[in-house]
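Trainee: Going by the working numbering, the sequence shown opens with residue 7, and the numbers climb by one from there. Glycine included, C-beta positions come from ideal geometry on N, C-alpha and C. The structure follows.
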Amino acid sequence: MDVTFTAEGITLAGDLQRAGDKAVVLTGPFTGVKEQVVGTYAKRLNEAGLTTLAFDHRGFGESGGRRAHEDSQGKLADLRAAVGLLGEYTGRIGIVGVCLGGGYALRAAATDPRIGAVAGIAGAYNSPARFSAGDPDGYRRAIRSFIEKYDEELPAVAPDGGPAAMGGAEPYAYYGTSRSAAKHWENRVTYGSLHSLMTFDALGAAPLLAATPLLIVHGRTDDYCSPELAEAAYQQATGPKEIRWLDAGQHIDLYDNEPYVTQAADAAAEFLHRHL
7 MDVTFTAEGI TLAGDLQRAG DKAVVLTGPF TGVKEQVVGT YAKRLNEAGL TTLAFDHRGF
67 GESGGRRAHE DSQGKLADLR AAVGLLGEYT GRIGIVGVCL GGGYALRAAA TDPRIGAVAG
127 IAGAYNSPAR FSAGDPDGYR RAIRSFIEKY DEELPAVAPD GGPAAMGGAE PYAYYGTSRS
187 AAKHWENRVT YGSLHSLMTF DALGAAPLLA ATPLLIVHGR TDDYCSPELA EAAYQQATGP
247 KEIRWLDAGQ HIDLYDNEPY VTQAADAAAE FLHRHL
């Protein structure tokens, strides 16, 4: 059913599907909306007997907030509000993040003890320290350039190698085609969003999970969300943890391609039922 709730005074739009007393909030890819990847996984997890909440983060889809702008701290506030909504139904709450949402799920679970288990699927466990390690000056130049154009916009994806926030043929093969068709998705994002991505520390949250169980599902080959960072998140987690490697050839295989979606969703459902 359609639901709305608020985070820091911003109205967020979601899809809540009830099924039992174990509930999961989902957070997904950069620029994504609830009818795309998170909707796919919400449906699978709901069919597996979990209550699910897929929603549009602030600035995207049908939710309020500054349009097409990635607000890292704001998205964490959105997730706290989403957990609060699920808390009206149950105290057994998990979080599942896909792509960029994997990093947000990790950070949210580390800072919100109401979350009882976390699963990252093809997750982006961003680490500014690692981004800058090989070329600190280059890293500083990049984030400065994003600040200088902070309020300007660029396409999220573009064909034929055109300038885009998510460059290359692979993101376009999903977002630029009917695979991702969603009425409220927009092919635009601010340069300030790129500053948020490059400075958001997801990996550093792994040691803060304490005893919160962590599942990481990741493709062995992934040119957009580093398998090395997925392994690092797993290694640095302090509580019960599992990692599942899938033989996917592309990052976006875990968005909508079989057998990878079923493998990932089944692993997440089994893990969440066991730990919530």
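From Asp166 to Gly174, what distance separates their C-alpha atoms?
Mentor: C-alpha separation (whole angstroms): 8 Å.
Trainee: For Ile121, I'd like the list of residues in its chain whose CB is within less than 8 Å of its CB, leaving aside the five on either flank, ordered along the chain.
Mentor: Counting only Cβ-Cβ distances below 8 Å, and skipping sequence neighbours, we find Val89, Ile99, Gly100, Ile101, Ala114, Ala115, Thr218.
Trainee: Can you tell me which of Val124, Ala179, Leu18 puts its alpha carbon nearest to the alpha carbon of Ala239?
Mentor: Comparing Cα-Cα distances from Ala239 to each of Val124, Ala179, Leu18, the minimum goes to Val124.
Trainee: Taking only the alpha-carbon atoms, compute the straight-line gap between Ile308 and Gly55 and give it to the nearest angstrom.
Mentor: Outside the displayed range of the chain (7 to 282) lies residue 308, so it cannot be described from this structure.
Trainee: Can you check DSSP and say which residues form a bridge with Phe61?
Mentor: According to DSSP, which records beta bridges pairwise, Phe61 is partnered with Gly20.
Trainee: How far does the alpha helix (DSSP H) with Phe11 in it reach, from first residue to last?
Mentor: Run containing Phe11: none in the alpha helix (DSSP H); it sits in the beta strand (DSSP E), 8-13.
Trainee: Glu76: buried (16+ other C-beta within 10 angstroms of its C-beta) or exposed?
Mentor: Buried is the call here.
Trainee: When the cut-off is 7 Å and only beta carbons count, does Arg185 lie next to chain C?
Mentor: Note that chain C does not occur in the displayed structure, where there is just one protein chain.
Trainee: Just how far apart, CA to CA, sit Asp62 and Asp8?
Mentor: Approximately 12 Å, taken between the alpha carbons.
Trainee: Considering only the beta carbon of each residue, do Arg280 and Trp251 sit closer than 7 Å?
Mentor: In this structure, Trp251 does not lie closer than 7 Å to Arg280 by Cβ.
Trainee: Find the nearest neighbour of Pro35 within the set Arg50, Ser78, Thr57, judged by alpha-carbon distance.
Mentor: Comparing Cα positions, the closest option is Ser78.
Trainee: Hey, would you say Ala275 sits closer than 7 Å to Leu51, going by beta carbons?
Mentor: Contact: yes.
Trainee: Is DSSP giving Ala208 helix, strand or coil here?
Mentor: Of the three classes helix, strand and coil, the one that applies to Ala208 here is coil, per DSSP.
Trainee: Can you name, in chain order, every residue of its own chain whose Cβ lies under 6 Å from the Cβ of Val223, other than the five neighbours on each side?
Mentor: Closer than 6 Å at Cβ, skipping near neighbours: Ile127, Arg250, Ala270, Ala273.
Trainee: Span of the alpha helix (DSSP H) holding Ile153?
Mentor: Unbroken alpha helix (DSSP H) run through Ile153: 142-154.
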